[in-house]
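**Student:**
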Amino acid sequence: QLQLQESGPGLVKPSETLSLTCTVSGGSISSSSYYWGWIRQPPGKGLEWIGSIYYSGSTYYNPSLKSRVTISVDTSKNQFSLKLSSVTAADTAVYYCASLYSSSWLVSWGQGTLVTVSS
Amino acid sequence: DIQMTQSPSSLSASVGDRVTITCRASQGISNYLAWYQQKPGKVPKLLIYAASTLQSGVPSRFSGSGSGTDFTLTISSLQPEDVATYYCQKYNSAPRELTFGGGTKVEIK
Chain A
372 QLQLQESGPG
382 LVKPSETLSL
392 TCTVSGGSIS
402 SSSYYWGWIR
412 QPPGKGLEWI
422 GSIYYSGSTY
432 YNPSLKSRVT
442 ISVDTSKNQF
452 SLKLSSVTAA
462 DTAVYYCASL
472 YSSSWLVSWG
482 QGTLVTVSS
Chain B
30 DIQMTQSPSS
40 LSASVGDRVT
50 ITCRASQGIS
60 NYLAWYQQKP
70 GKVPKLLIYA
80 ASTLQSGVPS
90 RFSGSGSGTD
100 FTLTISSLQP
110 EDVATYYCQK
120 YNSAPRELTF
130 GGGTKVEIK
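Heads up: the sequence lines are chains A and B, in that order. In this text, residue positions in the first sequence follow our numbering: the first is 372, and each later residue adds one. In this text, residue positions in the second sequence follow our numbering: the first is 30, and each later residue adds one.
#1: Do you know offhand how far B:G93's Cα is from B:V48's?
#2: According to DSSP, what are the bridge partners of B:Y61?
#3: In angstroms with no decimal places, state the Cα-to-Cα distance between B:K138 and A:E419.
#4: Going along chain B in order, which residues have a C-beta closer than 8 Å to the C-beta of A:Q482?
#5: Since A:S396 and A:Q412 are thought to touch, with beta carbons under 8 Å apart, how far apart are those beta carbons, to the nearest angstrom?
#6: Which bits of chain A does B:G132 rub up against, with CB to CB less than 7 Å?
#7: Kindly indicate which three-state DSSP category B:E126 falls into: helix, strand or coil?
#8: Can you find a CB in chain B that lies within less than 8 Å of the CB of A:Y405?
#9: Judging by CA-CA distance, which residue of B:S36, B:A113, B:G130, B:L102 is the nearest neighbour of B:V72?
#10: How about B:F129 and B:Y116: do their beta carbons lie closer than 8 Å?
#11: Based on the DSSP secondary-structure assignment, which residues constitute the bridge partners of B:E136?
#12: Just verifying my parser: in three-state terms, what is the DSSP assignment at A:E377?
#13: Note down, in chain order, all residues in the segment 419–438 of chain A with a beta-carbon under 8 Å from any beta-carbon belonging to chain B.
#14: Tell me where the beta strand (DSSP E) around A:K454 begins and ends.
#15: Considering B:D99, what are the terminal residues of the beta strand (DSSP E) in which it resides?
#16: Please classify A:D445: is it buried, with 16 or more other beta-carbons within 10 angstroms of its beta-carbon, or exposed?
#17: Got a sec? Which residues, its chain only, sit under 6 Å from A:V478 by beta carbon, not counting five neighbours each side?
#18: Give a yes or no on whether 8 Å exceeds the smallest Cβ distance from B:L83 to chain A.
#19: So the beta strand (DSSP E) A:V444 belongs to, where does it begin and stop?
#20: Would B:F91 count as contacting chain A if we go by Cβ distances under 8 Å?
#21: Would you list, in chain order, the members of the segment 114–127 of chain B that have their beta-carbon closer than 9 Å to a beta-carbon of chain A?
#22: Expressed to the nearest angstrom, what Euclidean distance is found between the alpha-carbon atoms of B:I104 and A:Y466?
#23: Strictly below 7 Å CB to CB, what residues from chain A border B:L75?
#24: Would you list the residues sitting across from B:R53 in a DSSP beta bridge?
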């Protein structure tokens, strides 16, 4: 059973870069069956896909965030990471990492971490 | 970009009622659709993938149907533990982009 856990600062200043890491346990991030993704949910609002990555490093981003997003993978640590640059208050959200079966549906989710953008 | 529109945005029904939620894609997506349940304060949970395949462990009162642009999630007999917001999500093979619907909040009357 895959388990995922997000980690990173809970408070980021406007214009700075949000950085989060997701640690995968119970399986290998190098599995050929899975992609790995980031999803966010602003308080009281719906879900928004940020982007996905394959263990080979291939990435796919939400077009609306693409200019500010970088997702990377570290197979030696069984981790993948999110960087979102030039953040504003609109980026305040719970950020989830998740496994995607064959880049399709989200099978396992982390518990989520609230990131607040404020000075 | 393909947009996903859910309706209604919220509903209230009695225990035992049959509940239907609709998700419409702005273009045909074959059966590339998943449904999730998010209970208040909790992590989303996968219910259905490939439009109609029930994820392991999900109660059989949940079912999905549809293909192309119109999809439905049905709860055959609403239970108190089904109070949640339900989201549809489309997935593509090319490009590998995901899009969620806006969500449908289900409450007990």
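Every residue, glycine too, gets a C-beta built ideally from N, C-alpha and C. Remember, predicted model here, so these are calculated numbers, not experimental data.
**Tutor:** A quick look at the data gives this:
#1: Here residue 93 of chain B refers to the residue found at position 64 when the second sequence is read from its first residue. Here residue 48 of chain B refers to the residue found at position 19 when the second sequence is read from its first residue. Each residue's alpha carbon lies about 12 Å from the other.
#2: Along the second sequence, one-based indexing puts residue 61 of chain B at 32. B:Y61 pairs with nothing; no bridge assigned.
#3: For the purposes of this step, residue 138 of chain B is identified with residue 109 of the second sequence, where counting begins at 1. For the purposes of this step, residue 419 of chain A is identified with residue 48 of the first sequence, where counting begins at 1. Going by the C-alpha atoms only, they are around 29 Å apart.
#4: As a first step, residue 482 of chain A must be located in the first sequence, where it is residue number 111. Here the neighbours are V72.
#5: Working through the first sequence from its first residue, we reach residue 396 of chain A at position 25. Working through the first sequence from its first residue, we reach residue 412 of chain A at position 41. So it is not a contact: roughly 23 Å between Cβ atoms.
#6: Here residue 132 of chain B is taken as the residue at index 103 of the second sequence, counted from 1. Within 7 Å Cβ-Cβ: G417.
#7: The residue you call residue 126 of chain B lines up with position 97 of the second sequence. Coil.
#8: Numbered from 1 along the first sequence, position 34 holds the residue referred to as residue 405 of chain A. A:Y405 does not count as touching chain B.
#9: Translated into positions along the second sequence, residue 72 of chain B becomes position 43. Of the candidates B:S36, B:A113, B:G130, B:L102, the one whose C-alpha sits nearest the C-alpha of B:V72 is B:A113.
#10: In the second sequence, the residue the question calls residue 129 of chain B occupies position 100. In the second sequence, the residue the question calls residue 116 of chain B occupies position 87. Against a cut-off of 8 Å, the Cβ pair of B:Y116 and B:F129 comes out as a contact.
#11: Mapped onto the second sequence, residue 136 of chain B falls at position 107. According to DSSP, B:E136 bridges with B:S41.
#12: If you number the first sequence from 1, residue 377 of chain A lands on position 6. DSSP places A:E377 in strand when its eight states are reduced to three.
#13: E419, W420, S423, Y431, N433, P434
#14: As a working mapping, residue 454 of chain A is identified with position 83 in the first sequence. Run containing A:K454: 450–455, per the beta strand (DSSP E) assignment.
#15: Counting from one through the second sequence, the residue named residue 99 of chain B turns up at place 70. B:D99 -> beta strand (DSSP E) spans 99–104.
#16: Indexing the first sequence from 1 puts residue 445 of chain A at position 74. Burial call: exposed.
#17: For the purposes of this step, residue 478 of chain A is identified with residue 107 of the first sequence, where counting begins at 1. The answer, listed in chain order, is S470, Y472.
#18: Along the second sequence, one-based indexing puts residue 83 of chain B at 54. So no, B:L83 is outside the interface.
#19: To locate residue 444 of chain A, count along the first sequence from 1; it is residue 73. Residues 440–445.
#20: Taking the second sequence and counting its residues from 1, one reaches residue 91 of chain B at position 62. By this cut-off, B:F91 is not an interface position.
#21: T114, Y116, Q118, Y120, N121, S122, P124, R125, E126, L127
#22: Along the second sequence, read from residue 1 onward, the residue named residue 104 of chain B stands at position 75. Along the first sequence, read from residue 1 onward, the residue named residue 466 of chain A stands at position 95. If I take the Cα positions, the gap works out to 29 Å.
#23: Locating residue 75 of chain B in the second sequence gives position 46, counting from the first residue. Correct list: W476, L477, V478.
#24: Translated into positions along the second sequence, residue 53 of chain B becomes position 24. B:T34, B:D99.
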